[in-house]
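Residue numbers (this note's numbering): 6 to 155. The C-beta atom is built at its ideal place from N, Cα and C for all residues, glycine as well.
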């Protein structure tokens, strides 16, 4: 994969987490949500910040796939949480990072598991401190052992 397409996928992952958060918080219908991101966010300048061009088909797959397989995705996450913790108890942004990462590990065998995990740890660093990023690493690594054989 070229450096440009790698950056586009990184941008798609970050945008997917943001879209999933918006979907959860506002209940935005999926088609409207995807259209909004395509037209107004991916690769656009917003409030003087230039957003990187994202791999749109990859973004669409992560968002659509996560939403359509939400129960299965959440089950894998729940299985990896400590006793007494539930998916509902997680920070809402953290949950979207884990959901997108879990979906990608489940459904995108074209992406090496180490790459997927590392990318979502990077997304976590955009929102959280190192401790939470390590949590993302631990949960996704455990999920990967369940859903991947590579």
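If only complete runs of 4 or more residues are kept, the region 94-150 shows the alpha helix (DSSP H) at 97-112, 118-132, in order along the chain.
Around the beta carbon of residue 30, fewer than 16 other beta carbons sit within 10 angstroms, so the residue counts as exposed. DSSP, read as helix, strand or coil, puts residue 61 in helix.
Counting only residues of its own chain and dropping the five nearest sequence neighbours on each side, residue 20 has a CB closer than 8 Å to the CB of 42, 46, 47, 56, 59, 64.
Rounded to whole angstroms, the gap between the alpha carbons of residue 120 and residue 94 is 27 Å.
Proximity to residue 97 across 13, 27, 15 peaks at 27, based on C-alpha coordinates. Between residue 148 and residue 85, the CB-CB gap stays under 8 Å. Exposure of residue 91 is indicated by the presence of fewer than 16 other C-beta atoms within 10 angstroms of its C-beta.
The C-beta distance from residue 78 to residue 104 rounds to 5 Å, short enough to meet the 8 Å contact threshold. Spanning the alpha carbons of residue 38 and residue 83 requires a straight line of approximately 26 Å.
Inter-residue distance for residue 89 and residue 71 is about 24 Å (C-alpha atoms, whole angstroms).
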